[in-house]
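Asker: What follows is a structure written as structure tokens; I'll ask about it next.
In this note's numbering, the protein residues as written are 1 to 456.
Right, here's the structure in full:
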């Protein structure tokens, strides 16, 4: 990640599982913009050429902030520059953040967009919070509201983006939760539209992309007259073909799960819904299917609007599954993610965060006790920070986003290890392999934290 960029679950789990620092899509896209290759990307050029032949405008959907976790506003600004060059008018469909940015920071990003739109004869057609446009938990009623605004122009009627934000704030909504809003004289997306989705992280655009572009879609009724929309995506969002991809995926050479599998050992990966992709797809270096000998368990996350309403989430059930796996005694590797500190941390509601951490204290403790009873070594860490800072020290507003501070890492077993300092998440897989007595492959450039037993 770029210096000073907060970590996130996708990058963190991939770094943990691959045992190496891998240039993420944010770095790749930034570099392509800086060296000019972005403006020559074939999928991007084709979309703009098609747009010029048809409507003369390109629709751009994306999370418009500088959070850098799912997208970056600079990528949209670069795309608008290319639109100006080829004389295609950009029409923006703005997804507001408030989760990886301050809760009421949308106006400053709108100003940047509107200033740039003047030069390219563009406009903003719709605006909606990421709660609706970027759901990943099969809460299809949320995705439906986003889809209806884009395709049917159903939603809050507003004159412009600032009006939509002002009305949302008056309703008590922060940026993340702004109801889908239709602005001015917006035109709907149709089968003739050329659409680019600028998000680069692939988990949260999947549902909306499928609703827009998938022919055999059944998660909600799109009506008898709907025809799938031509969608060009910044990165590959799913193994299903949903349209051209601007930046093709790059997979690491190997990962911890693959190495364990190739050694003929069994493993178990478990999380609740919110973090299940991270302990499977992301931890396994972008590999979708389970490896031989890899068992997986997804515990349903609670069906609540926001997790401050149930800050314990499904920690108890996740711990139950982990303890079952420990007592099974057939697994050489058990991977468990507890979601509370991140998901409840995003609410920045102190009372809920305290309850979430108390639940973690209880249920992580249960797992550690079970592991200790079976003589199992445990490496306990976090892939990024969140609830360690609840108030922004500069603005004094609630701090809903991730943090940039170091996270703890503990090796817990019968040995008394001396551990190396100053390492990062790429040290996790090499450390686990050393504890398991498995040779670390050369492609894992991270170094084990284990120096020696104290007293050796």
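Just so it is clear, CB atoms sit at the ideal spot from N, CA and C, and this is done for glycine as well. Just so we're clear, the structure is a prediction, and the values are computed from it rather than from any experiment.
Tell whether a beta-carbon distance below 8 Å holds between residue 182 and residue 96.
Answerer: No; because the gap between Cβ atoms is not below 8 Å, this pair is not in contact.
Asker: When DSSP builds the beta bridges, which residues end up paired with residue 267?
Answerer: DSSP, once it has assigned bridges, lists 294, 333 as partnering residue 267.
Asker: Identify which residue in 84, 383, 70, 443 has its Cα closest to the Cα of residue 49.
Answerer: The shortest Cα separation from residue 49 among 84, 383, 70, 443 belongs to 84.
Asker: Are the segment 223-238 and the segment 168-178 touching, with three or more C-beta to C-beta distances below 8 Å?
Answerer: In short, these stretches do not touch, since the Cβ pair count stays below three.
Asker: Out of 444, 193, 249, which has the shortest C-alpha to C-alpha gap to residue 427?
Answerer: The shortest C-alpha separation from residue 427 is found at 444.
Asker: Which term fits residue 145, buried or exposed, when burial requires 16 or more other beta carbons within 10 angstroms of its beta carbon?
Answerer: The residue in question, residue 145, is buried, as its Cβ has 16 or more Cβ neighbours within 10 Å.
Asker: For residue 106 versus residue 29, is the C-beta spacing smaller than 8 Å?
Answerer: Against a cut-off of 8 Å, the Cβ pair of residue 29 and residue 106 comes out as no contact.
Asker: Tell me, please, which residues DSSP counts as bridged to residue 233.
Answerer: For residue 233, which the question treats as bridged, DSSP gives the partners 197, 245.
Asker: How about the segment 5-13 and the segment 409-417: do they share at least three Cβ pairs that are nearer than 8 Å?
Answerer: Contact fails: fewer than three Cβ-Cβ distances are below 8 Å.
Asker: Curious, which full-length alpha helix (DSSP H) runs of at least 4 residues does the segment 393-445 contain?
Answerer: As far as the segment 393-445 is concerned, its whole alpha helix (DSSP H) runs of at least 4 residues are 428-436.
Asker: Which runs of the alpha helix (DSSP H) fall wholly inside the segment 42-112 and span at least 4 residues, in chain order?
Answerer: Whole alpha helix (DSSP H) segments, 4+ residues: 42-53, 73-86.
Asker: To the nearest angstrom, report how far apart residue 19 and residue 204 are at their CA atoms.
Answerer: Using only the alpha carbons, I get a separation of about 25 Å.
Asker: So for residue 353, helix, strand or coil by DSSP?
Answerer: DSSP places residue 353 in helix when its eight states are reduced to three.
Asker: When the Cα of residue 377 is compared with those of 437, 225, 153, which residue comes out closest?
Answerer: Residue 377 has its Cα closest to that of 437, out of 437, 225, 153.
Asker: Terminal residues of the continuous alpha helix (DSSP H) containing residue 343?
Answerer: 340-343 is the span of the alpha helix (DSSP H), which, as asked, contains residue 343.
Asker: Starting from residue 156, trace the beta strand (DSSP E) both ways and give me its first and last residue.
Answerer: Element bounds for residue 156: 156-158.
Asker: In the DSSP output, what is residue 385 paired with across the bridge?
Answerer: Paired residues: 403.
Asker: Starting from residue 125, follow the beta strand (DSSP E) in both directions and report where the run begins and ends.
Answerer: Note, residue 125: beta strand (DSSP E), 123-129.
Asker: By a C-beta neighbour count over all protein chains shown, 10 Å radius and 16 as the cutoff for buried, is residue 315 buried or exposed?
Answerer: Residue 315 should be labelled buried.
Asker: Just to check my reading of the structure: residue 308 and residue 352 have Cβ atoms closer than 8 Å, yes? What is that Cβ distance to the nearest angstrom?
Answerer: That belief holds up - the Cβ atoms of residue 308 and residue 352 are roughly 4 Å apart, short of 8 Å.
Asker: If you follow the beta strand (DSSP E) that residue 183 is part of, which residue opens it and which one closes it?
Answerer: That run of the beta strand (DSSP E) goes 181-183.
Asker: Do the segment 211-228 and the segment 136-155 touch if we need at least three Cβ pairs shorter than 8 Å?
Answerer: Yes: at least three Cβ pairs fall under 8 Å.
Asker: Please confirm whether residue 265 and residue 153 have their CB atoms less than 8 Å apart.
Answerer: For residue 265 and residue 153, no; Cβs fall outside 8 Å.
Asker: Reducing DSSP to helix, strand and coil, say where residue 258 ends up.
Answerer: It is helical.
Asker: Report the option in 422, 420, 447 whose CA atom is closest to the CA atom of residue 433.
Answerer: Ranking the options by Cα distance to residue 433, first place goes to 447.
Asker: The alpha helix (DSSP H) spanning residue 10 covers which residue range?
Answerer: 9-18 is the extent of the alpha helix (DSSP H) around residue 10.
Asker: Taking the alpha-carbon positions, what's the residue 70 to residue 90 distance?
Answerer: C-alpha separation (whole angstroms): 21 Å.
Asker: With residue 250 as the anchor, note down where its alpha helix (DSSP H) starts and where it stops.
Answerer: Element bounds for residue 250: n/a, residue is neither H nor E.
Asker: Nearest by alpha-carbon distance to residue 72: which of 118, 192, 94 is it?
Answerer: Measuring from the Cα of residue 72, the nearest candidate turns out to be 94.
Asker: Can you say whether residue 342 is buried or exposed, counting buried as having 16 or more other CB atoms within 10 angstroms of its CB?
Answerer: The residue is buried, with at least 16 neighbouring Cβ atoms inside 10 Å.
Asker: Can you check which of these residues, 196, 201, 275, is closest to residue 43 by C-alpha distance?
Answerer: Of the listed residues, the one whose Cα sits closest to residue 43 is 196.
Asker: Closest to residue 56 by C-alpha separation, out of 336, 31, 392, 194, would be which residue?
Answerer: Residue 56 has its Cα closest to that of 194, out of 336, 31, 392, 194.
Asker: Beta carbon of residue 260, beta carbon of residue 270: below 8 Å?
Answerer: It is not a contact, given that the beta carbons lie outside the stated cut-off.
Asker: Taking residue 199 as the reference, give the member of 282, 68, 288 with the closest Cα.
Answerer: Ranking the options by Cα distance to residue 199, first place goes to 68.
Asker: Taking the DSSP output, what are the residues bridged to residue 391?
Answerer: Answer is 398, bridged to residue 391.
Asker: When burial is assigned at 16 or more other CB atoms within 10 Å of the CB, is residue 286 buried or exposed?
Answerer: When all chains shown are included, residue 286 counts as buried.
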